[in-house]
Amino acid sequence: MSSSSDRDYTKALSGRQVQMIAIGGAIGVGLFLGAGGKLQQAGPSLLLSYALCGVAGYFVMRALGELVLYQPSSGSFVTYARKFIGPWAGFASGWMYWLYWATTGIAEITAVAIYVHKWLPDIPQWVTALAALGVLLLVNLLSVKLFGELEFWFSLVKVLAIVVFLVVGLGLVLTSAQIGETTAGAHNLIAHDGFFPSGFGITLMTLQAVIFAYAGIELVGITAGETQDPGKVVPKAVNSVVWRIGVFYVGSVLLLAMLVPWPFYSSGESPFVTVFTRLGIPAVGDVMNAIVLTAALSSCNSGLYSTGRILRALSEKGEAPEFAGRMNKHHVPYGGILFTCSAYVLGVVLNYLVPKQAFDITTAIASFGVVSTWATLIVCQMRLRQASLRGELERPRFRMPGAPYTGWATLGFLALVIVLMGFSDGAEKIAFYSMPAIVIVLVAGWRVVGRRRDRLSVPG
35 MSSSSDRDYT KALSGRQVQM IAIGGAIGVG LFLGAGGKLQ QAGPSLLLSY ALCGVAGYFV
95 MRALGELVLY QPSSGSFVTY ARKFIGPWAG FASGWMYWLY WATTGIAEIT AVAIYVHKWL
155 PDIPQWVTAL AALGVLLLVN LLSVKLFGEL EFWFSLVKVL AIVVFLVVGL GLVLTSAQIG
215 ETTAGAHNLI AHDGFFPSGF GITLMTLQAV IFAYAGIELV GITAGETQDP GKVVPKAVNS
275 VVWRIGVFYV GSVLLLAMLV PWPFYSSGES PFVTVFTRLG IPAVGDVMNA IVLTAALSSC
335 NSGLYSTGRI LRALSEKGEA PEFAGRMNKH HVPYGGILFT CSAYVLGVVL NYLVPKQAFD
395 ITTAIASFGV VSTWATLIVC QMRLRQASLR GELERPRFRM PGAPYTGWAT LGFLALVIVL
455 MGFSDGAEKI AFYSMPAIVI VLVAGWRVVG RRRDRLSVPG
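Using my numbering, read the sequence shown as starting at 35 and increasing by one per residue.
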């Protein structure tokens, strides 16, 4: 069962591309860049944060998989929220997702500028950010097939890089290799003021940043509307993301903590670059810098793709500007893509005004969007299950395990992440105190939409 809007899309994404897009969404700049600063802040206990968020991500993905198998749609959770919660929920979740990807894209553009700055320190960050944005916009406007192919290769580079790091890192740890003036080994997990060098409270405070690191894993749900045989492809993609979370994220952070003592990491450099540079092989550090640059470009590329589809789903209901729903001859929702791109341009401006704070500010706000999106998917799955119990619909065989208890536990965890943001002394507090303003804007927007719908007699 698919929505009418999905008939305008071409089924151009192959199983090979969707599988790799799913992986690519689960490996982003939050790990490649953000992990450095958080290791310096929380020490080896960052591993616990990644594990906890990974468990939450697992249940979110299984909830998404069940929803997608029930109804594949490029509108994804906007379609599901509208159906299982109400029209207002579709409006709110869609715009929150847009906010999440808009701020994420700004963070990714910032990361691109930081990585290039390592090689070209004389070029301002905003110039690099603008150039990268121009290339990605062109790719997204030409065709979904081109997007899928570019994302396939972006993701392949990231996956190979992580695999190589895991193999090399494990070898260095097992042989107690000398890395700079320190020795690799499990002793680094406790040798420098213990596993919780800054206290358990600081470890909890990193949950917001780690949630951002997992941002994008739900992208596979949006690709369903443009996927060949989603019933076969999506479950495989969902399951592949789950185990790769454990191996790539938790495994990488564990090795990073064992390879180099946590005080040597910093927020201004990828932790992977730190490790290889300290090995005394600068060229390898440059290669890793190129790889993490690819990761940032990949995530920004995915943001343009996903928000274009979400904004079109909103526009069809009169819940976004009419321009956002326009399609070009290549069956690409160019209006929504350009709308998001305009927000990314604000990111270029942010890089011009506060280049050092741009990444932290935008990731904090993006994390709020991630939490709301994940919570929406969990609630929609709960409503789907309840409707099935009432005999109103048939649940797919691919189901969320442990429902409804795992759903309630995941919602509780996500609520904890939001509450903890209010106790932060950094950019997270900016995001926390911006929530009332965001809610007010959403309520006002929904009222405007309601009045317009009544005036035009558009069904909700």
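Just so it is clear, CB atoms sit at the ideal spot from N, CA and C, and this is done for glycine as well.
Please work out which residues of its chain come closer than 8 Å, Cβ to Cβ, to residue i, disregarding the five sequence neighbours upstream and downstream, and give them in chain order.
i: Leu290; result: Ala69, Leu73, Gly203, Tyr299, Pro305, Phe306 and Val309
i: Gly168; result: none
i: Gly484; result: none
i: Leu476; result: Phe125, Ala126, Trp129 and Met130
How long is the line joining the alpha carbons of residue i and residue j, rounded to whole angstroms?
i: Met469; j: Ala141; result: 19 Å
i: Arg312; j: Ala478; result: 53 Å
i: Gly359; j: His365; result: 11 Å
i: Val201; j: Leu208; result: 11 Å
i: Gly139; j: Gly381; result: 8 Å
i: Leu80; j: Trp153; result: 29 Å
i: Gly205; j: Glu215; result: 18 Å
i: Thr397; j: Met130; result: 14 Å
i: Pro264; j: Pro355; result: 30 Å
i: Arg486; j: Val473; result: 20 Å
i: Arg481; j: Phe234; result: 43 Å
i: Leu170; j: Glu185; result: 11 Å
i: Leu65; j: Asn174; result: 24 Å
i: Tyr149; j: Tyr439; result: 43 Å
i: Arg495; j: Glu100; result: Absent from the structure is residue 495, since the part of the chain shown begins at 35 and ends at 494.
i: Glu303; j: Lys179; result: 33 Å
i: Ala247; j: Pro269; result: 22 Å
i: Ile224; j: Leu103; result: 45 Å
i: Leu82; j: Leu423; result: 36 Å
i: Ala195; j: Gly285; result: 13 Å
i: Leu288; j: Val281; result: 10 Å
i: Leu338; j: Gly124; result: 20 Å
i: Trp160; j: Gly425; result: 55 Å
i: Ser36; j: Leu454; result: Unreliable placement is indicated for Ser36, whose pLDDT of 45 sits below 50; no coordinate value is reported for it.
Please name the residue in the options whose C-alpha comes closest to that of residue i.
i: His221; options: Asp263, Pro295 and Trp408; result: Pro295
i: Ile452; options: Ala465, Ile412, Phe188 and Leu384; result: Ala465
i: Phe402; options: Thr237, Tyr84, His226 and Leu241; result: Leu241
i: Ser376; options: Leu454, Ile143 and Leu448; result: Ile143
i: Ser524; options: Leu154, Gly250, Thr216 and Gly285; result: Not covered by the structure: residue 524. The range shown for the chain is 35 to 494.
i: Arg429; options: Phe246, Leu180, Trp135 and Gln415; result: Gln415
i: Val193; options: Ile157, Ala329, Lys463 and Phe432; result: Ala329
i: Thr137; options: Met434, Ser286, Val383 and Thr237; result: Val383
i: Gly352; options: Gly88, Ala85, Trp122 and Leu288; result: Trp122
i: Ser406; options: Glu183, Ile245 and Ser210; result: Ile245
i: Trp408; options: Leu448, Leu327 and Pro435; result: Leu448
i: Tyr84; options: Phe230, Phe457, Trp160 and Ile279; result: Ile279
i: Asn362; options: Trp132, Gly88, Ile61 and Leu176; result: Leu176
i: Phe181; options: Cys334, His151 and Cys87; result: Cys334
i: Leu238; options: Leu86, Ala211 and Tyr467; result: Leu86
i: Ala437; options: Leu454, Leu450, Arg419 and Leu427; result: Arg419
i: Val191; options: Thr162, Ala471, Ile315 and Ile61; result: Ile61
i: Leu387; options: Pro158, Ala211, Gly88 and Leu67; result: Pro158
i: Thr374; options: Glu183, Trp132 and Gly88; result: Trp132
List the residues that DSSP assigns as beta-bridge partners of residue i.
i: Gln28; result: Because the chain spans 35 through 494 in this model, residue 28 falls outside it and cannot be assessed.
Which residues in the same chain as residue i place their Cβ atom closer than 6 Å to its Cβ, once the five residues preceding and following it in sequence are excluded?
i: Thr410; result: Phe111, Ala115 and Ser127
i: Gly319; result: Val307, Phe310 and Thr311
i: Gly71; result: Ser301
i: Gly342; result: Pro367, Gly370 and Ile371
i: Leu3; result: For residue 3 there is no data in the structure shown, the boundaries of the chain being 35 and 494.
i: Ala166; result: Val146
Can you list, in chain order, the residues of its chain whose CB lies under 7 Å from that of residue i, leaving out five sequence neighbours each side?
i: Ile119; result: Val413, Cys414 and Arg417
i: Leu293; result: Gly203, Leu206, Val207, Ile213, Ala218 and Val309
i: Ile236; result: Gln75 and Ala76
i: Val404; result: Tyr134, Ile245, Phe246 and Ala249
- prompt: Pairing CB atoms from the stretch 344-362 with CB atoms from the stretch 101-118, are three or more of them under 8 Å?
  reply: yes
- request: Could you tell me whether the stretch 113-133 touches the stretch 318-326, using the rule of 3 or more Cβ pairs below 8 Å?
  value: no
field: Cβ contact (3+ pairs, closer than 8 Å) linking the stretch 427-444 and the stretch 89-98
entry: yes
message: Three Cβ pairs or more, each shorter than 8 Å: is that satisfied between the stretch 82-92 and the stretch 263-282?
response: yes
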